[in-house]
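Numbering (the working numbering), first residue to last: 1 to 426.
As structure tokens, the structure follows; a few thoughts come after it.
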RNA sequence: GGGCGGAUACUCAAGUGGUCAACGAGGACAGACUGUAAAUCUGUUGGCUUAGCCUUCGGGGGUUCGAAUCCCUCUCCGCCCA
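Here it is as structure tokens:
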């Protein structure tokens, strides 16, 4: 595979925040191995993790070898760079399971075969056997506490009256630096990638490799991805956006990107797709000309959904969106309806509850995903926020057998885009 | 080990005996406007059998007609001294 200009590519995509000196020359000099860390805290990656995966994917496409390091050991401790609450220990089985699931997701984005085959390793494999004394003697002596305390991640916590920092979390950077050293020795890894908040930890690793192995290593970071209002990217109203279809349905995943703001859609195209510069710029021009058609958001949602879930899932997600947003849900045929229901949160009621007088929405809504309590249900109904099969409901509305589409399902909606399917159980 | 300060709803943060389901801000949600956008305006934001009632102010106990507010105790956190 021809070696591409990895750093140049990151630069035009706006994914390059910082890089250590000499990295460009180093990459130009041969096929290198680079890694990025992941927390195995769940059995699925999130769109937040997708940034890191894309870094590795681009590295690989530039002719280098990507390594994903799963923090089976460090995940137990918690990086003070993030938000700070001590973590609970995960047992080994759980970590193994999570690693397996995450690997499956990465397989869509990384190539695990060929000369630049990607690999996944777990840092518990080398961190667990190390004794505390060995760690202090061989690694700890290379770290200056003065320097460690100057790091932003630590300094913030030292200044904070409420928080403080435990010795355990304080030691996190040493472990991460050791990871880099280990990978350098075991796999010839010379590059670490991460978010900009990781730069301090990455440099620690580079320093350690220079001191202990007398070798040169490098690091590069991507800027933190924020929404235009400055809040963290990757959360929807329903919580985290996961890559796993059973946690975030392809429909919701597709919707998440479709709802990207005009301000941000260009950046997301650069970050999360493999589209070229010209194609993205042309989309941006189209977006400017006809913003109401949202060509950029559509292209983005299709491309990312395609990447993560595959083409057929993407088509399905689009069909569902079509039905829910521009079509009349009552006109759906039975097969289509089934597809729609699969992608929506759903619950069941018994046929008996709907017969005769019917079931009051005030009682029903709290049992669905649309309202948390009867009080809230009343509020939504009074505000005209709820509809049944596309028809506005009121406080008095009762759900009856007649509401069931094809005798099976009623589609409830709260607000503009929150749907819930109500099935009838036999 | 000693001294001091703190813990209030999703978050920050008022409140120091009754008028407190608890000021305010942010966030979130809904309505209008729109492009399934942004901005803006309006409303809601503990629960219920909703002009009323019930449960909340770190945990437990006490004082009082009445406690988020006073006392005791426990837990956790911060600061200072050893």
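Every residue, glycine too, gets a C-beta built ideally from N, C-alpha and C.
Computed from a prediction, not measured in an experiment: that's the story for all the values here.
Asked, Found
"Residue 40 and residue 99 closer than 7 Å at C-beta", "yes"
"Proximity of residue 116 and residue 192 at Cβ, strictly below 7 Å", "no"
"Environment of residue 19 [buried if 16+ CB atoms lie within 10 Å]", "buried"
"Proximity below 7 Å, CB of residue 362 to CB of residue 377", "yes"
"Beta-carbon separation (whole angstroms), residue 71 vs residue 37, contact threshold 8 Å", "6 Å"
"Residue 38: first and last residue of the uninterrupted beta strand (DSSP E) it sits in", "33 to 38"
"C-alpha gap between residue 420 and residue 304, whole angstroms", "25 Å"
"Continuous alpha helix (DSSP H) assignments of at least 4 residues falling wholly in the segment 174 to 262", "199 to 213, 250 to 258"
"Beta-ladder partner(s) of residue 121, from DSSP", "69"
"Backbone secondary structure at residue 417 - three-state DSSP", "coil"
"Own chain residues within Cβ distance below 7 Å of residue 323, not counting five before or after", "329, 332, 336, 340"
"Residues of its chain near residue 428, where Cβ-Cβ distance is below 6 Å and the 5 sequence neighbours each way are ignored", "Residue numbering for the chain in the displayed model covers 1 to 426; residue 428 lies beyond these limits and cannot be assessed."
"Cut-off 6 Å between Cβ atoms - residues of its own chain near residue 57, not counting five sequence neighbours on either side", "109, 110"
"Within 7 Å, strictly: CB atoms of residue 201 and residue 173", "yes"
"Extent of the continuous beta strand (DSSP E) to which residue 342 belongs", "No beta strand (DSSP E) contains residue 342, which is instead part of the alpha helix (DSSP H) from 334 to 342."
"Unbroken alpha helix (DSSP H) run spanning residue 427, endpoints", "For the chain, the structure presents residues 1 to 426; residue 427 sits outside this window and is missing."
"CB-CB length for residue 181 against residue 212, believed under 8 Å", "6 Å"
"Cut-off 7 Å between Cβ atoms - residues of its own chain near residue 247, not counting five sequence neighbours on either side", "44"
"Spatial distance of residue 175 from residue 127 (CA atoms)", "8 Å"
"With 16 other Cβ atoms within 10 Å as the buried cut-off, status of residue 278", "exposed"
"Cβ pair residue 17, residue 221 closer than 7 Å", "yes"
"Whole-Å CB distance - residue 195 paired with residue 224, under 8 Å assumed", "6 Å"
"Residue 119 and residue 67 closer than 7 Å at C-beta", "yes"
"Residue environment, residue 395, which counts as buried when at least 16 other CB atoms sit within 10 Å", "exposed"
"Per DSSP, cross-strand counterpart(s) of residue 399", "359"
"Proximal residues to residue 321 (C-beta, below 8 Å), its chain only, five neighbours per side dropped", "251, 254, 255, 258"
"First through last residue of the alpha helix (DSSP H) which encompasses residue 282", "277 to 289"
"DSSP bridge partner residues for residue 19 (one or two, in chain order)", "220"
"7 Å Cβ cutoff met for residue 410 and residue 403", "yes"
"Close beta carbons around residue 343, own chain, < 8 Å, minus the five adjacent residues each side", "249, 250, 251, 252, 316, 317, 320"
"Pick from 135, 183, 152 that is closest to residue 123, judged by C-alpha positions", "183"
"Simplified DSSP state of residue 151, which is helix, strand or coil", "coil"
"Proximal residues to residue 348 (C-beta, below 6 Å), its chain only, five neighbours per side dropped", "423, 425"
"Residue 62 burial status per 10 Å Cβ neighbour count (16 or more: buried)", "buried"
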